[in-house]
Structures are given as C-alpha cells and as structure tokens.
Amino acid sequence: MHINPYFLRLNFTNPLVEDDASSAQYDPSTGYLTVTLTKEIKGQEFKDLDLLAKLLAPRPTVQEPLVEVISSESTAEDPDNLVSRTQKLSLHDREILEAAQNGWQLPQKVPPLEQPTLSARAQYGFLNMHSGYFTNVEYTANEINELGSEAEKLTVLERRQRRIEHEDDKWDEEHYMADFVDDSYIQELNHWTHPHVSDSVSFTYTDKENTIMLNLPRKEYIPTAAQTHGLYLTLVTLLFAYAYDARTTQHDPTPESAWTICSLTPCLSALDPPPYGSEVKLSMPELSVAEVSASFVPSYRRSLAFPLYRSFSLAEKCREDVAHIMLKGKRSIFRCLLEMKDILDHHEVYYIYSKIWLDDFCVWTQAYASDDTLTRLGNMVKHAIVAKDSLGWDIEQLEAAIRQLQGPERREVDSDDE
C-alpha cells in the first residue's frame, strides 16, 4: 500500500488477489485507513493477523547462484545500453528499480530522532498554538497552500508578503471585466437570501450538529487582550468566506466548497490572520469601524482573484451576510462555524485547517466570545466601507472604461468589440 510519502508492506501467510472487490478508504475525520482485500482461495484461514511484527517482517529471500562478469563493454553513446542508463538514474529511481527487482522489499526503518536545532519552528493557527502540520506538505495535493514547504519556518511578515504577491499574481483584469459586463448570473446570486438570515424563528441544533459539538476539544483559553482583539477580526474573515460559498452554492455545498472557503480566508491559505493595515492598533481596547473595514480588504481581494465569480457587488453582499449573521447572535455564528468545520473535516487534505483553526474557534465562540462584543462587531461590519481603490488594483478605472465603451445608449456589441 502506497500513500506518498509512505509505503506499507504487509506479508500475509496466504495469497491474495486484486479485483473489483478490493478497495481502500481513508476517513480524515478519524484518521483510519480501511483496506478490503480478496483471498485467492475463498474460505482459507489467515492465521497470525494479530502479530503485527510478523506482518511487517520481510519475506525470506531465495539465494540465487552468483554470476561472475568476466568482462563488459559499454558505450556512452549507446542509448540502449543498460549499464549507461542505470548509471544515469537518480538515487531515488535506483532504489525503486532495486525494490521492483527484489519483490518490493523496500527497507522499512524507524526514522532517527530529530536533533534539536537552535532555530524555532514557526507557530500558527488559533492563538499560534500549532506547528508541524506542514512538515511534509510537498507530498500532499494542497492547492491552497501559498507558502509551500517553507510554511514551517516563515515569519509572520514573510507570510503576509507571500500572500499579497500571490493575490497580485492571480488578479486577472479580463476575468473581472467579463463578469462586470455579463453580470446576469451575478445579479441572481446577489438577490438570493441566506436561510440563516431570513429565518426569524429560534432554532435548535440538529443531531449532526450536536455530534460535532461533542467531538470538539475540551480546552481552556486564556488569551491576552491583543489576542482576543485579533480573534474577533479573524472571525469576520472566516464568516466572509463562508458567506461567499453559501451564496454562490445557494447553501448547498459542492466538492469545491472546501477549496473556496480556504482560498478566500487569509489565515487558512497563507496562515496570515488579522490585523491588516495601518488602521489597526491592537493596543486599543475597543474595535473600530476602520479596522473592521481594513480586515475585509484581503477578503475582497481574494474574492476578486481566485474563485469563479469575481464581482465587487457580490463581495459587498457577502459582507452584508456577515453582518446579518453576527447580529442574529452567537448561536447563528456558531452554526455557520460548524457548517464550515463539517465541510473541511470531510476533505482529505484541507481537514488540517479545521484542526488548527476551526476546532478551537468553535469552542472559543461558544464559551468565551462576548455577546455584546459580537453585536457591536456586527454593526461595525454593517457600516464598514471597503473602497475599491484600497484593493490595490485599478477597479474603478476598469469599470469606468467599460461604461464609456457601452455609452449612454447600449448598442449591440459585435465579435470585434468583444
């Protein structure tokens, strides 16, 4: 069994076959890999399955007679020469070739203990409590990780620089202009109403939600005033990503929902939580509309650079959704976080972001967040103003150019004009 970068070799006492009934399923929420194998002879008893050391032991090799090579000639110019081709193989390819010739008897060794180093490992996630989750990230299909294999050693400032550069690289003027000109579907999305916003009746949590709550960690958090300040601002960015996915899917998550939520949240894709901008001063005891507006800037930028639908008006609607959800109280906020957590928990790669952010955020929101502060924050989100020129792109100029092209009397546009 092979799941990069791991290779598991098991030696059974009796033969097996690989057919349609054979399968392997990995459950990221529990960490269990369930493998179904088919016996070559049905009904045959497999003994000693509980002896793990025996299953992991290599098969005994059969000693073959040695062959002495008297002489050999090889020409470097001969592309079909086996010796020259073998010498050109990399060390990894040679190991694979030798393993294939030896019945895949790859050496399985316990990795040596890491020697302590003077360089401190980077901290990230909720209250910077986590590290080590991205040690082998290059072996996973993590498409939203913007830090690559350096995620474990980059500083906070370096993460932010990487994030901004990636957003600028992904910004596509033509995509934005196309959605601005042909905005019929965008308008449909803008007129949709989130059920958590329209429902005025008090709700009770479902059995599924209660099950998720029971599995949340039992932790006590003692954050500083500055950390608490940052958590409230981070909550705003999480809810924005949730609102965008909910609005674009009509509250019916798709297989792309996990990617969308992670891509639109800076603290997930770049491990870069608020505060953002010079307006934010965590030394201030109270939140302000200016710093809330600044916290939305990266969310707006990412909503215009990454997903399928890229519209400033759609981003504004998502901000309004965040305000409505927050003003409905802690229970509605907590339900949205549980929905986000459930989406990420069932993704084979992005579940790690649930571990380092959403698990703790769910507990903190329910047990530690202040109802009064959440209400004030909801009003600030409602009155927040995100100027188009604050995004760093020429959005106003692009829209003005399109309006000028269309003119007061919108004419038919032929293929050349398009």
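Quick note on full-length UniProt numbering: the sequence shown kicks off at 1 and runs consecutively. Backbone N, C-alpha and C fix where the C-beta goes; we use that ideal spot for every residue, glycine too. Small disclaimer: the values here were computed from a predicted structure and weren't measured.
Output the distance between the C-alpha atoms of E152 and A141, rounded to the nearest integer angstrom. C-alpha separation (whole angstroms): 17 Å.
Nonlocal neighbours in the same chain, by C-beta distance under 6 Å from R335, ignoring five residues either side: Answer for R335: no residue qualifies.
Please work out which residues of its chain come closer than 6 Å, Cβ to Cβ, to A53, disregarding the five sequence neighbours upstream and downstream, and give them in chain order. With a pLDDT of only 48 at A53, under the threshold of 50, the placement of this residue in the model should not be trusted, and no figure is reported.
Can you tell me whether L271 is buried or exposed, with buried defined as 16 or more other CB within 10 angstroms of its CB? Buried, since its Cβ has 16 or more Cβ neighbours within 10 Å.
Note down the Cα distance separating L235 from V137, rounded to an integer number of angstroms. Cα to Cα, the separation comes out at about 26 Å.
So, L10 versus S22, is the Cβ gap smaller than 7 Å? In this structure, L10 sits away from S22, with a CB-CB distance that is not shorter than 7 Å.
Considering only residues of the same chain and omitting the five flanking positions on each side of K330, which have a CB-CB separation below 8 Å? Excluding five sequence positions before and after K330, the CB atoms of its chain that fall closer than 8 Å to its own CB belong to T365, Q366, A369, D371 and L374, given in chain order.
With burial defined as no fewer than 16 other Cβ atoms inside 10 Å of the residue's Cβ, what is the status of H347: buried or exposed? Classified as buried, H347 has 16 or more neighbouring CB atoms from the shown chains inside 10 Å of its CB.
Going by the DSSP bridge assignment, what does S23 pair with across the sheet? Residue pairing by DSSP places S23 opposite T36 in a beta bridge.
Sequence-distant residues of the same chain with beta carbon closer than 7 Å to Y232, five excluded per side: Around Y232: L287, T373 and L377.
Where does H130 sit, in a helix, a strand or coil, going by DSSP? DSSP places H130 within a strand segment (E or B) once states are collapsed to three.
How big is the Cα-Cα spacing for D359 and T193? If you take the alpha carbons of D359 and T193, they lie about 28 Å apart.
List the DSSP bridge partners of L235. Looking at the DSSP assignment, L235 forms no beta bridge with any residue, so it has no partner.
Can you tell which of L147, F134, F180 and V35 has its C-alpha closest to the C-alpha of Q25? The shortest Cα separation from Q25 among L147, F134, F180 and V35 belongs to V35.
Tell me the DSSP bridge mates of L16? According to DSSP, L16 bridges with K39.
Might you give, ordered along the chain, the residues of its own chain that have their beta carbon closer than 7 Å to the beta carbon of I352, omitting 5 neighbours on each side? Take I352, set aside five residues on each side of it, and the residues of its chain with a beta-carbon closer than 7 Å to its own are Y133, in chain order.
Looking only at its own chain, which residues have a Cβ that is under 7 Å from the Cβ of W357, when we skip the five neighbours before and after it? These residues qualify, in order along the chain: G125, F126, C267 and L268.
Three-state class that DSSP yields for R310 in the structure shown: Three-state DSSP puts R310 in coil, outside helix and strand.
Span separating the alpha-carbon of L189 from that of K39: Going from the Cα of L189 to the Cα of K39 covers about 53 Å.
Give me the Cα-Cα distance between T249 and N14, rounded to the nearest whole angstrom. Rounded to whole angstroms, T249 to N14 spans 50 Å at the Cα level.
Mark D179 as exposed unless 16 or more other C-beta atoms lie within 10 angstroms of its C-beta, in which case mark it buried. A residue is called buried once 16 or more other Cβ atoms fall within 10 Å of its Cβ, and D179 is buried on that count.
Based on Cα-Cα distance, which residue from E45, P195, H130 and D183 lies nearest to V322? Considering only alpha carbons, the answer is P195.
Burial state of S299 (16 or more Cβ within 10 Å): Buried, because 16 or more other Cβ atoms sit within 10 Å of the Cβ of S299.
Compute the distance between the beta-carbons of A258 and L344, then report whether it is under 7 Å. Inclusion of A258 and L344 in the CB contact set at 7 Å is warranted, their separation being smaller than that value.
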